[in-house]
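What follows is one structure encoded as structure tokens, with my remarks underneath.
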Ligand code: SF4
Ligand code: SF4
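Numbering (our numbering), first residue to last: 18 to 90.
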């Protein structure tokens, strides 16, 4: 029996947070369909790059314009 190995490619884009401008409101965390962004210890949001698909919902919702969607390096 041959086992298949599935390698999932990461999305080309991802969310990047400007921590200086993040107000830790949690709006991004609430709208992310992938659970890829969370407010860390009430300070600022952090993105789990393995989960983020770059959909941009968090960026649209952010009242502080602290999230940009960028092409992965
Ligand atoms: S870009 Fe989409 S998947 Fe990535 S953190 Fe924002 S809402 Fe979640
Ligand atoms: S929505 Fe914007 S201001 Fe609010 S926690 Fe997320 S990055 Fe910070």
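In this text, a Cβ means the ideal position worked out from N, Cα and C, and glycines have one as well.
Predicted, not measured: the structure shown is a model, and the values here were computed from it.
Open item on the list: Beta-carbon within less than 7 Å of residue 75's beta-carbon, same chain only, minus the 5 sequence neighbours each way: which residues are those?
Closed with: Closer than 7 Å at Cβ, skipping near neighbours: 32, 45, 48, 49, 54, 84.
Task: residue 81 versus residue 27 - alpha carbon distance - done: 27 Å
Open item on the list: Using the three-state DSSP reduction, which class does residue 87 fall into: helix, strand or coil?
Closed with: strand
Task: For residue 36, the nearest candidate out of 29, 61, 65 (CA to CA) - done: Looking at 29, 61, 65, the one whose alpha-carbon comes closest to that of residue 36 is 61.
- [ ] Determine the DSSP secondary structure at residue 70, reduced to helix, strand or coil.
- [x] In this structure, residue 70 counts as coil in the three-state DSSP scheme.
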